[in-house]
Amino acid sequence: MNIEHQLAQAKKVCDKRGARFTALREQVFTLLAKHSSAVGAYDLLSELQAIDPSAKPATIYRALDFLNQQGFVHKIESINAFVMCDHFSECNHPVQLLICDECGNVEEIQSENLDLAIRSMADASGFKIKHQVVEAHGSCSACHQTDI
Ligand SMILES: [Zn+2]
Ligand SMILES: [Zn+2]
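Per this note's numbering, the very first residue in the sequence shown carries number 49; after that it's consecutive.
Spelled out as structure tokens, the structure:
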């Protein structure tokens, strides 16, 4: 999916929800979409500052929060970075990420079995899941191939 297409789709989703996709949020979205793997908030901030020198950490965090709430990006808590959602769906899908500690590549997987397992455990203890993110760390196939 190219960036323009992603952006157009994001706008459509926001319109439907009555969420404001401001110029700044659009800019952050575009910056993030240019990265194929996860990006730290401060890396995005310096990229944004190249366009808008007045951008502050709070600016980027607020924009990223918005994009995260809308389900366009996923926050990777363990490395404080963000990645575009592969599925770009309107639904609030469970998030399962494979994070390569060597090259920083992040692959998004969707296992219904894993989701079901967590949900049934939660149900059994009367817990209601609002949001779940599974983060698995390791090395990707490209990285451990170079080890050999
Ligand atoms: Zn996703
Ligand atoms: Zn790797």
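The beta carbon of each residue, even a glycine, is placed where N, CA and C say it ideally should be.
Subject >> Given alanine 111 as reference, the closest of Ala67, Glu150, Pro142 once Cα atoms are compared >> reply: Ala67
Original post:
Quick one, which of Leu145, Gln118, Glu150, Ala86 has its alpha-carbon nearest serine 159's?
Top reply: Leu145
**OP:** List the DSSP bridge partners of cysteine 62.
**Re:** For cysteine 62, DSSP records no beta bridge to any residue.
**OP:** Write down the C-beta distance between isoleucine 147 and histidine 192 rounded to the nearest angstrom, noting that I regard them as a contact closer than 8 Å.
**Re:** In fact, because the Cβ distance is near 14 Å, the residues do not count as touching under 8 Å.
Subject >> Proximity winner among Glu155, Ile177, Gly152, Glu156, relative to alanine 165 (alpha-carbon distances) >> reply: Ile177
Original post:
What's the call for arginine 73, buried or exposed, on a 16-neighbour Cβ count within 10 Å?
Top reply: buried
Original post:
How big is the Cα-Cα spacing for leucine 93 and alanine 172?
Top reply: 43 Å
Original post:
Short check: CB of methionine 132 to CB of leucine 79, under 8 Å?
Top reply: no
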